[in-house]
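> Those sequence lines, one after another, are chains E and R.
The number in the numbering used here is simply the position in the first sequence, starting from 1, with 4 added.
The number in the numbering used here is simply the position in the second sequence, starting from 1, with 4 added.
Positions of the beta carbon are idealized from the N, C-alpha and C atoms, including for glycine.
Dropping a structure here in structure tokens format, bear with me for questions.
There are 2 protein chains.
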Amino acid sequence: MKIGHLATAVGMDIQTLRYYESQGLLSEPARLQNGYRDYPDEAISRLKFIKKAKLVGFTLKEIKDLLAIQVTKDEHTCQEVKSFTQVKLAEISNKIEELQRIKVALEKIHTSCCGGDETAAHCSILSALEN
Amino acid sequence: MKIGHLATAVGMDIQTLRYYESQGLLSEPARLQNGYRDYPDEAISRLKFIKKAKLVGFTLKEIKDLLAIQVTKDEHTCQEVKSFTQVKLAEISNKIEELQRIKVALEKIHTSCCGGDETAAHCSILSALEN
DNA sequence: TTAAACCCTAAAGCATACTATAGAGTCAAG
DNA sequence: CTTGACTCTATAGTATGCTTTAGGGTTTAA
């Protein structure tokens, strides 16, 4: 399977596939006589794995590590795999908390402003940022 | 006031101040005879403004725009200022929602895994990512 | 006078995940 | 035989907010 075909099959860009290869997420495929990449069918499932992992928030580096475990499942434990989701969940929870803190602070100054046509000379949003 | 003094006063790095100047958040200060920057006292309040604005999630570019309004408050309306917090609030809410979507998806596959000592051959996390 | 502490500019580096560009070879159809 | 679609490599650019590096003046205190 040539790269364009694979890209279409998984809904990704050709450049992205080459980029993933450069980052070690996709192993170097065989080459045709003309130098074109020739992917095995498994490349599709591997890319689908990457897509799903991205959807749940993993970075490419983390996905690379996950894939390394996945191809040698037998030599790894559930515990090991679960620690990935554990860490990521904590990260995401922290981000959400941080954003919620920001949101609350922002809402506070937002609602304190009339939002009217008058000049901003005494705007409470600006005041809040000044003091 | 020299840059080191200012940096200490506001708890920022000297490099950061110069960077802010390069980005137009801080106007170019007067220079001493030796070429050293000589800041007016107002620089402190301006930097505090920047700090607060960052704390509520504004980017440097947005802060630059906010500062432009702030220095000519009289020529701007509350409405105008409030639209900044409005837009930012919407952005933050979207990010939170996205993260919560991710969190839910991740929690689902996380809790489905036993996390035990056995091999990951049948790990439900990996399965979830594969299918 | 000399060493520490302070200041200057310009440019590169970092992290993330691509995206774009340049320049060039290959293949299939008409 | 040429045109369009496909592929290749290598390099640079994007966005964000700094941080670091390199190389070099200035000031102050001992």
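1) Using beta-carbon positions only, say whether E/T123 and R/D78 come within less than 8 Å of one another.
2) For E/A47, is the classification buried or exposed, using 16 other Cβ atoms within 10 angstroms of its Cβ as the cut-off for buried?
3) Below 7 Å on C-beta distance, what does E/I129 contact in chain R?
4) Under three-state DSSP, which class holds R/T63?
5) In terms of residues, what are the limits of the alpha helix (DSSP H) holding E/S131?
6) Just the chain R side, please: which residues come within less than 7 Å of E/I73 by C-beta, in chain order?
7) Flag this pair as touching only if the segment 78–93 of chain R and the segment 57–66 of chain R have three or more C-beta atom pairs under 8 Å; answer yes or no.
8) By Cβ distance, which residues of its chain are closer than 7 Å to E/G61, with the 5 residues on each side in sequence left out?
9) From the beta carbon of R/I48, is the nearest beta carbon of chain E less than 8 Å away?
10) Can you give me the start and stop residues for the alpha helix (DSSP H) that E/T115 sits inside?
11) Tell me which same chain residues have a C-beta within less than 8 Å of the C-beta of E/D42, skipping the five on either side of it?
12) Residues of chain E with CB under 7 Å from R/A57, in chain order?
13) Taking just the CA atoms, how far does E/I54 sit from E/R22?
14) Taking 8 Å as the CB-CB limit, is R/K68 close to chain E?
15) Can a CB atom of chain E be found closer than 8 Å to the CB of R/A109?
16) Taking the straight line between their C-alpha atoms, what separation do you get for R/Q74 and E/L130?
17) What's the C-alpha gap between E/A72 and E/D45?
18) Does the Cβ-Cβ distance between E/A57 and R/L133 come in under 8 Å?
19) Could you say which of R/H114, R/Q83, R/A125, R/K112 lies nearest to E/A146 if we only look at CA atoms?
20) Restricting to runs no shorter than 4 residues, where is the alpha helix (DSSP H) found entirely within the segment 15–46 of chain R?
21) Does the CB of R/H114 have a neighbour CB from chain E at under 8 Å?
Result, derived from the coordinates:
1) Residue mapping note: residue 123 of chain E aligns to position 119 of the first sequence, counting from 1. Residue mapping note: residue 78 of chain R aligns to position 74 of the second sequence, counting from 1. Contact flag set, yes.
2) Mapped onto the first sequence, residue 47 of chain E falls at position 43. Label assigned to E/A47: buried.
3) One-based indexing of the first sequence puts residue 129 of chain E at position 125. Under the 7 Å cutoff, chain R gives V85, K86, T89.
4) Here residue 63 of chain R corresponds to residue number 59 of the second sequence, with the count starting at 1. DSSP places R/T63 in coil when its eight states are reduced to three.
5) Within the first sequence, the letter at position 127 stands for residue 131 of chain E. First-last of the alpha helix (DSSP H) with E/S131: 128–134.
6) Here residue 73 of chain E is taken as the residue at index 69 of the first sequence, counted from 1. Per Cβ cutoff of 7 Å: A124.
7) yes
8) Walking along the first sequence from the start, residue 61 of chain E turns up at place 57. Within the same chain, E/G61 has close Cβ partners K92, I96.
9) Taking the first residue of the second sequence as 1, we reach residue 48 of chain R at position 44. It does not; no Cβ of chain E falls within 8 Å.
10) For the purposes of this step, residue 115 of chain E is identified with residue 111 of the first sequence, where counting begins at 1. Looking at the DSSP string, the run of the alpha helix (DSSP H) that includes E/T115 is 82–115.
11) If you number the first sequence from 1, residue 42 of chain E lands on position 38. Correct list, in chain order: M5, K6, P33, A34, R35, L36.
12) Here residue 57 of chain R refers to the residue found at position 53 when the second sequence is read from its first residue. Those are L133, listed as they occur along chain E.
13) What you label residue 22 of chain E is simply residue 18 of the first sequence in a count that begins at 1. What you label residue 54 of chain E is simply residue 50 of the first sequence in a count that begins at 1. Each residue's alpha carbon lies about 14 Å from the other.
14) Translated into the one-based positions of the second sequence, residue 68 of chain R becomes position 64. It does not: the Cβ of R/K68 has no partner Cβ on chain E nearer than 8 Å.
15) Locating residue 109 of chain R in the second sequence gives position 105, counting from the first residue. True, the Cβ-Cβ gap to chain E drops below 8 Å.
16) Here residue 74 of chain R refers to the residue found at position 70 when the second sequence is read from its first residue. Here residue 130 of chain E refers to the residue found at position 126 when the first sequence is read from its first residue. Between R/Q74 and E/L130, the C-alpha separation is close to 7 Å.
17) On the first sequence, position 68 is the one that residue 72 of chain E refers to. On the first sequence, position 41 is the one that residue 45 of chain E refers to. Straight-line Cα distance between these residues: approximately 18 Å.
18) In the first sequence, residue 57 of chain E corresponds to position 53, counting from 1. In the second sequence, residue 133 of chain R corresponds to position 129, counting from 1. Contact flag set, yes.
19) Shown here, chain E extends from 5 to 135; a query on residue 146 of chain E therefore has no answer.
20) 18–26
21) Locating residue 114 of chain R in the second sequence gives position 110, counting from the first residue. Taking Cβ atoms only, chain E reaches closer than 8 Å to R/H114, which makes this a yes.
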